[in-house]
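Residue numbers (the working numbering), protein chains in the order written: chain A, 1 to 406; chain B, 407 to 812.
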């Protein structure tokens with residue numbers, strides 16, 4: 001494809017105007033929205049209002065007057081349609097890691113006599129680590145089975161199957177309905193991590209019969225660095241499952257200040273401490289970038305962007321090996337290519353203004369956020385990547401220096 | 407005392423200029439900094455920089471380039487001198503509730519064969535609730551003993567004594583060194599909740615030999631609504647205690663993305679998920695309001711403000727009963743008075759521009775933040791309170807309507 005052809009695709013893209021909802025720096029092609037979503041244009045004013053007006057002028061009164069106390073449920077209601085959930089099945093709280101802990105512990109308590117958390121090796125590390133932390137302190141085993149043998153491994157020792165819907169490295173996507181059904185046949189609960197799915201691919205938790213889910217606020221939901229995370233519990237389980245992290249904000253009546261814990265009847269029972277209001281305000285503005293956007297068109301565009309990138313890179317960068325599914329229907333909205341020197345290659349690419357990321361040991365990872373990524377971006381990114389590889393620019397020793405986060 | 411005399415105290419207050427570090431709304435006397443600290447003048451620009459420049463322009467690069475990854479340790483280093491700790495004994499993470507869970511679980515693991523968490527009835531609810539959540543899922547008992555019998559109740563069944571240093575209702579303060587020594591004599595660990603202490607009264611964790619502590623970022627530390635909390639582990643315990651919430655940010659090398667958890671050697675081991683960067687930025691600006699402030703003068707002023715309030719209220723409001731220690735050395739930096747109709751009295755008072763808070767069932771609570779509260783504020787607050795009570799203004803039915811947070 002030529003650059004003009006890519007531009008022609010942008011000209012007929014029904015979502016091209018949505019890019020204006022984001023403030024992107026000059027001279028950068030940002031292909032890392034799967035790690036940290038870009039800044040929505042409305043966010044600075046929204047955060048400033050929360051800081052200056054709600055906190056500065058409203059002070060403590062804003063818990064009621066500015067609706068701070070309802071923010072975890074209100075923001076969750078904006079996430080629900082992106083994940084196939086009802087508003088009353090979702091709440092925004094804490095981090096993905098902590099929400100995993102809550103739901104794993106609740107699932108184990110709901111399946112007495114079963115002691116296994118079933119997952120896959122190479123799952124996102126925090127998912128594995130949180131499960132290992134539970135296993136270290138209780139009669140629980142973490143069983144990690146390669147993904148193509150997960151279904152057959154679900155037996156009556158398994159309390160909960162914990163999988164990431166879209167893999168953080170390869171973008172390979174599980175069939176949510178099929179795996180969930182297999183878990184249920186064996187009497188296990190199904191917990192999905194949607195960190196790389198929510199806002200990027202169609203998700204239908206209710207339709208798939210999922211039990212539990214968590215996900216991240218700072219990737220495709222554009223909530224900002226370290227945004228609060230979300231948590232889903234299917235309505236049929238709501239009254240039966242309780243958080244092990246029984247903080248005051250999950251209490252049925254926190255402001256009676258009683259000595260004995262009793263969980264709230266709603267999803268608020270999954271809150272623990274005081275909600276992070278600045279983070280919630282930014283996340284609410286992030287989710288608002290989806291307002292009125294046709295989701296079928298959005299996800300189709302994400303697939304087309306990634307397809308274009310795969311085609312251009314494979315045509316022009318023979319030293320790279322595709323590490324993601326070629327079939328767009330089987331993957332999320334990011335693409336990885338393997339290269340033995342992926343770290344310096346990515347460093348050189350970032351130096352040229354194309355921001356993807358490196359995932360140890362050998363992956364170049366590129367995220368395609370259809371809200372703000374254009375076909376021209378993708379074409380140019382492939383072009384610059386080919387030039388970095390062809391020129392050997394990445395061999396410069398300065399590209400081998402690592403920061404804390406690499 | 408006359409108002410002119412109160413103003414004369416302000417005129418000679420060595421900290422009078424520090425008030426300019428805060429933006430306080432016109433027409434309000436804010437005596438609720440013990441619940442939500444006021445907005446530091448520098449915070450809006452600091453948060454805007456984090457949002458617009460670091461996130462918007464730096465994007466994912468800011469984890470390294472803007473020092474986001476080090477924020478939990480960097481902000482903690484600013485808290486350490488306020489609580490008598492070394493910088494490498496403190497980290498900022500999650501909420502007070504979640505940090506209580508981490509440290510209670512770690513303490514129980516460190517004292518095998520002991521099954522009791524000893525606390526007091528009427529401790530801040532989330533402290534009790536988090537302990538109850540642990541007891542519900544393990545062979546652990548929560549023993550709640552009135553504070554005057556705590557020391558004698560520490561026996562060899564007690565793994566950890568969990569107390570709030572300054573009581574959230576009465577402001578009564580424990581003698582940290584005495585109770586800690588008693589816990590140690592019985593072989594128990596001592597966990598202090600400093601939520602109503604840090605930044606308000608002298609705290610010397612290291613000097614008292616404390617083992618563990620947590621505290622809140624949004625009260626006297628002025629970090630904003632739902633600010634992240636902090637956590638302290640005495641250096642001698644650091645390598646021995648680990649978090650049960652084994653998230654990737656506590657891993658020794660999170661960006662190697664390995665499958666097996668191994669805790670970081672530093673206090674970073676107490677992190678769990680991705681740090682909340684907007685909240686950390688605001689908290690850092692909040693803690694900076696203490697820069698260069700003489701702490702002895704600060705705490706002495708807090709005592710003098712509260713003493714003045716007690717004297718004026720007792721002289722002019724005979725229907726109120728002091729519910730806090732009269733001796734400033736035995737209390738924190740807030741004062742509570744009991745009244746059978748405390749809720750409508752406080753609502754009427756807030757309507758007159760004096761913001762304190764109500765604590766069920768019968769307390770009017772007033773916080774004195776010496777960084778920004780003047781003696782004139784205190785005099786006028788007492789004057790308006792006397793007028794609200796004398797006039798019966800609080801009997802208006804509209805003052806009985808309750809919001810979600812009351």
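Quick reminder that beta carbons are idealized off the backbone N, C-alpha and C, glycines included.
- What is the C-beta distance between residue 220 of chain A and residue 33 of chain A, in whole angstroms, given that I count them as a contact (C-beta under 8 Å)? 6 Å
- Query: When the Cα atoms are used, what is the spatial distance from residue 787 of chain B to residue 797 of chain B?
  - Reply: One C-alpha to the other measures close to 15 Å.
- Between the segment 678-698 of chain B and the segment 748-756 of chain B, are three or more C-beta pairs nearer than 8 Å? No, the segment 678-698 of chain B is not in contact with the segment 748-756 of chain B.
- Task: Please decide whether residue 251 of chain A counts as near chain B, where near means a Cβ-Cβ distance under 8 Å.
- Result: By this cut-off, residue 251 of chain A is an interface position.
- Counting Cβ pairs, one atom from each stretch, are 3 or more of them under 8 Å apart for the segment 556-566 of chain B and the segment 509-528 of chain B? yes
- Task: Evaluate residue 336 of chain A with the Cβ neighbour count: other Cβ atoms within 10 Å of its Cβ, from every protein chain shown; 16 or more gives buried, anything less gives exposed.
- Result: buried
- Since residue 569 of chain B meets chain A, which of its residues come closer than 9 Å, beta carbon to beta carbon? Near residue 569 of chain B there are no residues of chain A at all, since even the closest Cβ is about 15 Å away, more than 9 Å.
- Report yes or no: is there a C-beta of chain A within less than 8 Å of the C-beta of residue 742 of chain B? Closer than 8 Å: no.
- Message: For a test of the three-state rule: what should DSSP assign to residue 573 of chain B, helix, strand or coil?
- Response: coil
- Query: Got a sec: is the Cβ-Cβ distance from residue 673 of chain B to anything in chain A below 8 Å?
  - Reply: For residue 673 of chain B, the answer is no, since every Cβ of chain A falls outside 8 Å of its Cβ.
- Would the beta-carbon of residue 136 of chain A fall within 8 Å of that of residue 104 of chain A? no
- If you pair each beta-carbon of the segment 202-218 of chain A with each one of the segment 230-241 of chain A, do three or more pairs fall below 8 Å? yes
- Item | Candidates A:172, A:389 and A:100: closest to residue 161 of chain A by CA position | A:100
- Task: Name the residue from B:498, B:487, B:496 and B:578 whose alpha carbon lies nearest to the alpha carbon of residue 526 of chain B.
- Result: Considering only alpha carbons, the answer is B:578.
- At which residue ranges does the segment 219-299 of chain A contain complete alpha helix (DSSP H) runs of 4 or more residues, listed in the order of the chain? 277-287
- Item | Residues near residue 388 of chain A in its chain [Cβ-Cβ closer than 7 Å; skip 5 each side] | Listed in chain order, the non-local C-beta contacts of residue 388 of chain A below 7 Å within the same chain comprise 345, 348, 349, 352 and 394, local neighbours out to five positions each way being set aside.
- Can you give me the start and stop residues for the beta strand (DSSP E) that residue 358 of chain A sits inside? 357-359
- Message: Quick check on residue 1 of chain A: does DSSP put it in helix, strand or coil?
- Response: Looking at residue 1 of chain A - three-state DSSP - the assignment turns out to be coil, as it is neither helix nor strand.
- Message: I'd like the span of the beta strand (DSSP E) that includes residue 773 of chain B, first residue to last.
- Response: Following the DSSP letters along the chain, one finds residue 773 of chain B inside the beta strand (DSSP E) bounded by residues 769-773.
- Touching by the beta-carbon criterion (3+ pairs, under 8 Å), the segment 283-295 of chain A and the segment 221-232 of chain A: yes
- Item | residue 746 of chain B versus residue 229 of chain A - alpha carbon distance | 42 Å
- Do residue 334 of chain A and residue 535 of chain B come within 8 Å of each other at the CB atom, strictly closer than that value? no
- Message: Under 8 Å, with one C-beta from each stretch per pair, do the segment 11-20 of chain A and the segment 180-197 of chain A reach the 3-pair mark?
- Response: no
- Message: Tell me the rounded alpha-carbon separation between residue 602 of chain B and residue 469 of chain B.
- Response: 32 Å
- Run through the segment 107-164 of chain A for me and flag every whole alpha helix (DSSP H) of 4 or more residues, listed as ranges in chain order. Taking only runs of at least 4 residues, the alpha helix (DSSP H) segments lying wholly in the segment 107-164 of chain A are 125-136 and 150-153.
- Query: Nearest-angstrom Cα distance between residue 792 of chain B and residue 723 of chain B?
  - Reply: 6 Å
- Item | Near-chain B residues of the segment 343-365 of chain A (beta-carbon distance less than 8 Å), N- to C-terminal order | 350, 355, 357, 359 and 360
- Answer with yes or no whether the minimum CB distance from residue 317 of chain A to chain B is below 8 Å. It does not; no Cβ of chain B falls within 8 Å.
- Message: Just checking: is the beta-carbon of residue 122 of chain A within a distance shorter than 8 Å of some beta-carbon in chain B?
- Response: yes
- Whole alpha helix (DSSP H) runs in the segment 729-759 of chain B with 4 or more residues, listed along the chain? 748-757
- Query: Based on the DSSP output, what are the partners of residue 621 of chain B in its beta bridges?
  - Reply: According to DSSP, which records beta bridges pairwise, residue 621 of chain B is partnered with B:636.
- Message: For residue 67 of chain A, count the other beta carbons within 10 Å of its own beta carbon; 16 or more makes it buried, fewer makes it exposed. Which is it?
- Response: exposed
- Return the bridge partner residues of residue 172 of chain A from the DSSP annotation. Paired residue(s): A:331.
- Item | Same chain, Cβ closer than 7 Å to residue 186 of chain A, five either side skipped, listed in chain order | For residue 186 of chain A, the CB contacts under 7 Å within the same chain, skipping 5 residues up- and downstream, are 154, 155, 156 and 158 in chain order.
- Task: In angstroms with no decimal places, state the Cα-to-Cα distance between residue 331 of chain A and residue 109 of chain A.
- Result: 33 Å
- Item | Cutoff 8 Å: residue 785 of chain B Cβ touching any chain A Cβ | With 8 Å as the cut-off, residue 785 of chain B does not count as an interface residue toward chain A.
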